[in-house]
Structures are given as C-alpha cells and as structure tokens.
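Protein chains in written order, with our numbering: chain C, 365 to 705; chain F, 365 to 705; chain X, 365 to 705.
Notes for the one structure printed next.
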Amino acid sequence: MKEKAMLGARHLLAWHECSDTEWERMVHDAVDEYHGRLRAPRLHRRHIGLVFFNPSLRTLTSMEVAANRLGASSSTIIPGRGTWDFEWRQGVVMDGDRAEHIHEAIGVLSRYYDALGVRAFASGTDYASDRDETRFKAILAAATVPVINLESAFYHPCQALADAATLHEHFSGAQQGKRFVLAWAFHPKALPMAVPNSALLMAARMGMQVTIARPEGFELDAGVMARARQYAAARGQSVTETTDLSAAAADADVIYTKAWGSALAYESREQETMLRQRLRQWRVTAVLMARTNAAAFMHCLPVRRNVVVDDAVIDSPNAIHLLQAEFRLHAQVAILARILG
Amino acid sequence: MKEKAMLGARHLLAWHECSDTEWERMVHDAVDEYHGRLRAPRLHRRHIGLVFFNPSLRTLTSMEVAANRLGASSSTIIPGRGTWDFEWRQGVVMDGDRAEHIHEAIGVLSRYYDALGVRAFASGTDYASDRDETRFKAILAAATVPVINLESAFYHPCQALADAATLHEHFSGAQQGKRFVLAWAFHPKALPMAVPNSALLMAARMGMQVTIARPEGFELDAGVMARARQYAAARGQSVTETTDLSAAAADADVIYTKAWGSALAYESREQETMLRQRLRQWRVTAVLMARTNAAAFMHCLPVRRNVVVDDAVIDSPNAIHLLQAEFRLHAQVAILARILG
Amino acid sequence: MKEKAMLGARHLLAWHECSDTEWERMVHDAVDEYHGRLRAPRLHRRHIGLVFFNPSLRTLTSMEVAANRLGASSSTIIPGRGTWDFEWRQGVVMDGDRAEHIHEAIGVLSRYYDALGVRAFASGTDYASDRDETRFKAILAAATVPVINLESAFYHPCQALADAATLHEHFSGAQQGKRFVLAWAFHPKALPMAVPNSALLMAARMGMQVTIARPEGFELDAGVMARARQYAAARGQSVTETTDLSAAAADADVIYTKAWGSALAYESREQETMLRQRLRQWRVTAVLMARTNAAAFMHCLPVRRNVVVDDAVIDSPNAIHLLQAEFRLHAQVAILARILG
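Written out as structure tokens, the structure reads:
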C-alpha cells in the first residue's frame, strides 16, 4: 500500500529510465512549482527518510524544505555520524568495523518511511561497478518503498531536473537549438561524473545543441555519450566534443561548468593527478565569457571561486547559479509530489 | 502541567516498574497501532527531545516518525556532535573537557520539551553502577518532564515492547507456553546486556517457556534472572539455562539471538576477549534452525551477517527481524500516546 | 515577498540597532509568551534554516521548538558535519580544503528558507574584525532573507532578550535601579565576549545600576562600555567597574556571572593564559552570595560547576539559571513572530 509506481519506474535512479512524456511533464511541474502554480497533493502523515553517505548542503536542506512544503515530515540520516557504519558487500563475514548490512538498514527504513532519498557517490575505484550503479542498485534491491537518487555514482536526477527547469525558465521555453557548452574545469580533486553525465543527457533531451569542451583524457562514458547523441539526433541536434574551450565558447548561449576526474583515476590516482595538474588554465574567465552570446553561466555548486570560475564571472548578472540552486527545491517538490501524491 | 504520570511511574525506565495490567495494555496498544486501529491522541504543539549518547539507526528514526505520526515535533540531540560534552559525576570540579553538567543539560531540555527520550549505554566498567542504572537515574533526577529510556545500561523497554508485540502478532496472541530460546552469539565486541535482559523479562512475562542458551561465563545478572523466574512461575512456565545451543534449539518456536559480553569484561577486558574468542561457533546456522519447530528467527539489529547469523537463516522466510524492527515504530507510538496523551 | 523588515532593521545582529521602543516591545513580547498570552502569528509553510558554525545545546533546541511552536519548520545545518566546509575570505583562490564560499552557501539557503539563524563565534585572533563583526556581516551581505544572530563575535541578542525578560519577570517589572553585578569568573579557556557585552548593554538598557567586577586586563570593549554608559545615563543610572568582586557583591540584587578572555589573548594566547591562571579565585561561592541582597544568581550556560560557580550556589533557590534558559525559548518565539509574522 505504501509502494507506488512513479513515472513507469518504481524508483528514481535516472531520467533515462522514464519516457520523454514523463520527463517533459516533470520539467513543466518543476517550472510550475517555481511560479507557484503546481497543484501539489498534501502529504500529511507521510514520512521521508533522507540518507546521506556523502556530504550535502543544497540537497539535504532543499529536500527537507520540499518535504515540509508538501506537508510531509523528513528525517536526515548520516551513516557513521550518530548511526552505525554499513556493510555493502554480499555474503561477507561481518567481523570488521561495519556493524550493520545495508540490506537490513534499508529494509528497516522502508518500514518507517513512505519514500527514501539516498546519496551514495561513486566508489572511484571500480569503473564498471560505478557505471552499472552496483551500490545504488543494492539499495534499490533492499528497499520496499520508492527510492529517490540524491546523487549516485553516475547520475544526479534531482540536479538534472532542476537544470532543465532553470533552462526552460531562462529561455522562456525556447531552449530548442540553443548552444549549450558543458565546460570542463580544473579542480584539486578528481570529482565524480554524476553531474556532467546528468547535465549532458539533460541538455540533449531539452533539444539543445551540445558541445563538450574538455581536455584529452577527460572523455565521458561511452554509453552516456551514445545516449546523449540519440537524444540530440531525435531532436535535430548534435553532441560534439572539443579540446578547445575558447572556440567552444564562441556564440555559446550557456556555459555550464563542471570539474570531473579522468577515468584514468580508476587505474592510477597518481597519474590522473599529474594529468590534471597541468590543466589549471581550464577556468571560466571574463575573457572567455566575452566570446559568448551573452551566455548564462551555470554551475551545480559547490564551486571553488577563482579555481573553477573567476569572481568576475560568478558575481556578474549572467551567472544564474543561484536560480539553478533554487530550482533544486522546486524540482524536488515536483518529484515528491509525483512519487507520493 | 507539562508533567504527566504514565503507567503508575512517571518515567519509562523499564517495564518491571509497571503492573501486569499496564504491560498488557501496552502490548495490545502496540499491536493495535500496527493494525491501524489504535485510537491515538493528537499531540499538536507537543515537542519531544531525543538525546543519543550512543549511536542509533532504528531508535532515532522510528522515534522521529512516531512523534510525527502523532502530530508532535521532535529534536534529535547527539552530545559532542554539534553540542557540548557533558559531565555526569556529582560534586566534581569541572576544569576538564566537559563544559556542561548533565544536571543543567537535562534541566534545560525539560524546559523546552514535553518529554525526553534518552539513550545512554552501559559504562562497561562499573557493574554495580550499570546494574543500578546510576547514569540513567542521574538523568531522571535532573528531568522535570517524563523520560523514555531509549536503551540504558540494563534495559531497553522500547525494544522489549516491540518484541512482545511482534510475538503476539506472530502467534496470533497464542504465545503462552511456546518455546522461546534466547541464544547467545559470538560478536567481536563485548556488547552490553540491556537487550538480553529485556528480552528475557519480556518473554517470561508473555508466558513463554524460556531457555537461555549461553556459554559458561555469560550468565545474565542474578537479579534479572530472579525476576524473570518469578514472571515465568506466575504463568506456569519456567526459565532454564543451558550451554548446549543445539539441544536448546530442539522444538524451539522462537530463536531470539543476541550477542552480549561476559560480566568478566568489567574486571578484565582482555580476559573476557580471550574467553569470547574461543566461542565463534556460537552462530545461528541453517543446520541449527532445521532442528527447531520451524522457529521464527528474531534479532534486535544491527546484526553481523555470517558472524551472529548466517545469510541462509536471515534471508529465509522464518526470519522476522524486519517485522520486529517495524514494531519499534508501533511500540513507540503507543508509548508516546500513553505518556503524552 | 519573502523579505520583511523587522524592528527597523532587516536583520537581528544586535539590539542596539533597534530603538528603545522596539526593544521594550520585544521584552514585553517575550514575557507575554512565557505567560502564554502572546498573540503570535501562525507561520505555516514558513521554513527557518539554522546554521551553527559552533556548538550549541540551548540555542539549537530552543530555536527548533520555537519555530515549531509557531507552526514553522526548521532545518539545522552544522557546516563540516554532513556538509562542506566554507570559505569566508573575499577574492581568494579556493584551492584548499574549503569547497564552498559562504557567499554561495548563504545565497542558496536564502532561496530555501524564509529566515536564517546563524551562529559564528569570534575569531579570537583579529580584534578589530571581531569588534566590527566582519564575519557576521559577510553573512548578512550574502543573505536575501532576514538573518537572526545566534551568537556572533561580539553579540548574542537572543540571550540578551531572554535575560531581559527573565529580569523583568524576576522583579515583576520593577528592575529599574536594582543592582546588577556582571561578575567575571575564571574558566580554563579564553571565552569570547559576546555574552558579557550583550548582558552589559541589556542591564543598562533595563535601567539597572550596573557594576562590572573583573580583574585588571579583562576590560570589555571601549565602544560597548560607552554605549552601556549612555543607556544607563539616559535612565538615571550608571555603569561602574571594580576589581573587588567581594565589595561589588555587597547589596547586589543580581549576580550575573560570566567567564571571558582578556583582549590580550588576541595578541598572545600564552600571556593571556598565564594571566588568567592566577585568577582561579574568581568564582561565585556561598560566602560571596551571603554578602548580597539575597541576589538572584544568573548564568547563560553552559557553566562549569565548582570552577565558575560552586554547587552550593547553583543548587540554591536563588539560582534562576534554568528560568533564564527557559526564557531563551520565549524570547525566540517573540523574535520569530516579529520577523516572520
């Protein structure tokens, strides 16, 4: 009775599991929520459990507010901080530090909550496992209520929906054919690929003309690229790649910046660091922005100022990163309303 | 005005402070809550403070949901994580790391909340103090609102009520005379005795035929044993002890497994570890379960798979540990309704 | 639409930014709340974000309850515990440990919450910056919703209002001209000055005759002193200073004890520690209290027993520190009602 189908699928792992119709409806719901015209259900006496295996500011707070806005309650659970640490592996003899298996933890939480939100970042050590979402799927297998992905190894659907709604709002619905540049940026750490993967798929599915500007060695996953190209082709657009950020910026309508690590990090973290350290010039500057078609600057946050983007850009009127962050709330209200309504 | 008597006692330290009538009513309330037929009061504008000196997953989340289900709000407070560390000793010159005395901390929280829930595990170093619940009684002495024990040195009444209601549900109320085996299990650490103490007293008070299967040296407290024997005798049953787990399992209706440390740990942690290390074969296996009367497998969780219980047992249909965990929520709704209603 | 003016100012940094009329109204509102006669608005679907850069027990819990009492929801955010660490400096190249700038963090939270509460203690290393509230003002600059100071470098307005209402209640509104002694106490650490600053200004503004008893070297800030003297003079009272605690206690009506560090700590922490270590006799004892006019003992808590105050004093009927702590809740309900109502 507590279990409800959503969007064809039971859980929200990634939007590509949903039909175009469902995706478009969700984008419109998020935009409607922003304008205060979403007809959302009241979720009184519904309880949402939010499990964060990794840090969060926006996702944690916007989910708490989103739940409350709908009349639901939420609990935030940070494993290892006030709870036990969890074991993920199957069939293991649990005589180490981890006192509880994820199977029981998620099984129990499914008994208390009407839906769960779970953040579990990429392992960074096993590419095939990350690509196949092995960890997140272990959670889905243990859950008996819907699970919302709050960023897994490869996908961040809450961010993707917020980004889509932000673009829809920014372009007043006329984003089709606009030039979207996914611009790789230097960062001191090899960050995971969930956000760039999700942003790429999102932009292609929104009918935008997509360019990925990134150094050699920072290719995104072949499967994700293929899916994005399908989305683009079906909308009369394309996805192109370049190592020339400056050229890519010319006539761009959106500069969506994001740092991510090379897949090389899965084989040798040291080699990846050496590769990355030579790429500090991959930074969004006012000079770069001046080449664009007065492009909007986007970033999912947190962002390192003057490393990923210069103060002059992020403090300019073209920066819409705070609107983008605000849309996290509206997107998640729409998602909760759909899953639990 | 905020202070209300409950169950004869003002606080819930342990169920043996309540009459049989009150205990039985609580079991029925928890079962009724599970079936959605408990007539619970609405606790609007009532606030419950949950203080966890030790980690928790089930208790923390199920108390938050239980409070919300009744319309109350809750705050979760984890001393030392975002708050000060507390001093427990009386009369001490507080010039060390602990910035606040439990007397003030609990006194202040009593001014903000209508009831408190407190988890404070056994010291593990002072047996007499743990048996006498010195720490928990210091909290009760400082509190001016009802306090619910969320697991103290010797007792875990929320678990006990959940277990009782689970058994009532499992046996459709016909648990009288059924064979309940409290089966000691190996664990890498010398765990506290609150759960086995509470499970023993609960099973005896439910009129079950109780056997404690545990190695030499892992006797439960003499006072707890004596009280359990009184409960059993008053119901025409008995409490027996054995060091032969396999024999105990024969015809068991319930295998309730739990690891706990020997009282020897209070004198010498090293000697206790040596004693315990030789007892790794105390594990619930499919072979053991096959000897039973198709017994239900119970465990309070968290449980270490393939250390305390084999995957083959906990993943079998006879395992009712998730139902048992779910009953934590129902039991606590019943307790809050009774204390604050 | 979410932004509302309060008390003339938009944010609550310190009460001296408000007029006497506004201050007096707030004191009466807090007293009315205590007596259950405050006509408070219902703040349904209003969300309050509470950001604690430093530990808290009273402020955190009483703000959660205050928000809920008004029908609002709250989230508690503890940077670095489950969230990212934040950068505060302007114009810095963020290639260190801090992944997010306070500008974005507060900017984003302003999009989710209708008001923010922020605790950010003194740096303890830059006196001019602390005195000018540089850190807190960086938060105010980034915020687009009202911000309530939950203790900054120099001010603690929630404590000040609670203290004022406690005194109003204790003296039945006849606190004018009563003798208020702000009594410095020894403490193992050089604590910040926000509470003594706020207590001094509060007592002077309540028309009390104020004496500060403190050792040489523990003078409060000259600007704060000047403002307090203005408040006192305007009410026909005075603010005096002495290094003789015993003399100050004679005929005192209130002993408000508080430890704080010397401004010397900003130049040399070692020298300040040496200075402070010789002052262990600055402790509130029963002998001292016997010299007073049956004075009320006050302390903002947490308090170190038998270091700052003897058990015999804090456990006596004259100690009103728990009432004072309770007034934190009532004061904050009044503040939230005023800011968001």
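Built from N, CA and C at the ideal position, the CB exists for glycine as well.
On a predicted model such as this, the values are computed, not experimentally measured, just so you know.
Neighbourhood of residue i by C-beta, 6 Å cutoff - its chain only, sequence neighbours within 5 removed
i	result
ILE722/X	Look at the range of chain X in this structure, 365 to 705, and you will see that residue 722/X is not part of it.
MET557/F	TRP624
ALA567/C	PHE544 and VAL574
THR604/F	THR575
GLN540/F	GLY571
PRO521/X	LEU376, ALA378, TRP379 and ASN513
TYR398/X	HIS694
VAL588/F	ASN561
Nearest-angstrom Cα separation, counted from residue j out to residue i
i	j	result
ARG445/C	ARG445/F	8 Å
THR425/C	HIS392/F	38 Å
ASP384/X	ASP449/C	53 Å
ALA650/X	MET638/X	27 Å
THR440/F	LEU700/X	21 Å
ASN432/F	ARG401/C	28 Å
ALA526/F	VAL395/F	9 Å
GLU668/C	LYS622/C	The amino acid occupying residue 668/C in the given sequence is Arg; Glu does not appear at that position. Between ARG668/C and LYS622/C, the C-alpha separation is close to 11 Å.
HIS685/X	ALA554/F	41 Å
ILE576/C	GLU636/C	20 Å
ASP706/C	GLU381/C	There is simply no residue 706/C to check, as chain C begins at 365 and stops at 705 in what is shown.
ARG633/C	GLY488/F	43 Å
LYS366/C	SER610/C	Reliability of the predicted coordinates at LYS366/C is poor, the pLDDT of 36 falling under 50, and the value obtained from them is presented with this limitation in mind. Cα to Cα, LYS366/C sits roughly 52 Å from SER610/C.
HIS465/C	VAL677/F	15 Å
VAL656/C	ASN561/C	Here residue 656/C is Thr; the residue named in the question, Val, does not match the sequence. C-alpha separation (whole angstroms): 23 Å.
MET458/X	ALA492/X	25 Å
ARG591/X	LEU565/X	7 Å
TYR519/F	ARG453/C	32 Å
MET427/X	VAL671/X	29 Å
ASP494/X	ASP585/X	11 Å
TYR630/F	PHE500/F	19 Å
ALA627/F	ARG642/X	46 Å
Nearest-angstrom Cβ-Cβ length linking residue i and residue j, presumed shorter than 8 Å
i	j	result
ALA658/X	ASN682/X	7 Å
GLY413/X	LEU480/X	5 Å
ALA330/C	VAL697/C	What the structure shows of chain C is the stretch from 365 to 705, and residue 330/C is not part of that stretch, so it cannot be assessed.
ARG644/X	PHE550/X	5 Å
LEU407/X	LEU704/X	5 Å
THR498/F	PHE691/F	Going by Cβ atoms, the distance from THR498/F to PHE691/F rounds to 30 Å, so no, they are not a contact pair.
ARG389/X	ASP478/X	Not confirmed; about 22 Å, so no contact.
LEU509/C	VAL482/C	Sequence check: residue 509/C is Val here, not Leu. So it is not a contact: roughly 11 Å between Cβ atoms.
Neighbour flag for residue i against chain B, beta carbons, 8 Å
i	result
LEU525/F	Checking the listed chains, one finds no chain B in this structure; the protein chains it contains are C, F and X.
Own chain residues within Cβ distance below 7 Å of residue i, not counting five before or after
i	result
ALA430/F	LEU693, GLN696, VAL697 and LEU700
ALA507/C	ILE470, SER474 and LEU480
ALA596/F	ALA568, VAL574, SER602 and VAL603
THR606/C	THR575, ALA577 and ALA612
ASP675/F	ARG669
Close-in-space but distant-in-sequence residues of the same chain around residue i (CB under 8 Å, 5 per side omitted)
i	result
GLY372/C	At GLY372/C the pLDDT is 43, less than 50, meaning the model places this residue with poor confidence and gives no usable figure here.
LEU687/F	THR530, GLU533 and HIS534
PRO666/C	LEU421
Check distances from the C-beta atoms of the segment 658-688 of chain F to those of chain C and list, in chain order, the residues that come in under 7 Å. Within the segment 658-688 of chain F, the residues whose Cβ lies closer than 7 Å to some Cβ of chain C are LEU665, PRO666, VAL667, ARG668, ARG669, ASN670, VAL671, ASP675 and LEU686, listed in chain order.
Compile a chain-ordered list of the residues in the segment 430-453 of chain F whose CB is closer than 7 Å to at least one CB of chain C. Correct list: ASN432, ARG433, ILE442 and ARG445.
Going along the segment 485-505 of chain F in order, which residues come within less than 8 Å of chain X, judged by CB to CB distance? Answer in chain order: no residues at all.
Name, going along the chain, the residues of the segment 588-620 of chain X whose beta-carbon falls closer than 7 Å to a beta-carbon of chain C. Going along the segment 588-620 of chain X in chain order, one finds no residue with a Cβ nearer than 7 Å to chain C.
Within 8 Å of chain F by C-beta, residues of the segment 529-553 of chain X in sequence order: Under the 8 Å Cβ criterion, the segment 529-553 of chain X contributes PRO552.
Taking the runs of the alpha helix (DSSP H) that are 4 residues or longer, which of them lie wholly in the segment 581-651 of chain X? 586-598, 609-613 and 633-641, all fully within the segment 581-651 of chain X.
Completely contained beta strand (DSSP E) runs for the segment 526-591 of chain F, where each covers 3 or more residues: Correct list: 543-548 and 573-577.
Every unbroken beta strand (DSSP E) within the segment 374-422 of chain X, with a cutoff of 3 residues, ordered by chain: Correct list: 411-416.
Contacting positions in the segment 399-432 of chain C - beta carbon closer than 8 Å to chain X: In summary, the residues of the segment 399-432 of chain C whose CB is separated from some CB of chain X by less than 8 Å are PHE416, PRO419, SER420, LEU421, ARG422, LEU424, THR425, SER426, GLU428, VAL429 and ASN432, in the order they occur in the chain.
For the segment 690-701 of chain C, which residues have a CB atom closer than 7 Å to at least one CB atom of chain X, in sequence order? Per Cβ criterion, the list reads GLU690 and LEU693.
Any C-beta of chain C within less than 9 Å: which residues of the segment 465-484 of chain X qualify? If the cut-off is 9 Å between Cβ atoms, the segment 465-484 of chain X has HIS465, HIS467, GLU468, ALA469, GLY471, VAL472, LEU473, SER474, ARG475, TYR476 and TYR477 near chain C.
Given a limit of 9 Å on CB to CB distance, which residues of the segment 509-525 of chain C reach chain F? Correct list: empty, as no residue qualifies.
As an exercise, report each continuous beta strand (DSSP E) stretch of at least 3 residues that is fully enclosed by the segment 473-523 of chain F, in chain order. Those beta strand (DSSP E) runs which fall completely within the segment 473-523 of chain F and span 3+ residues are 479-483 and 511-513.
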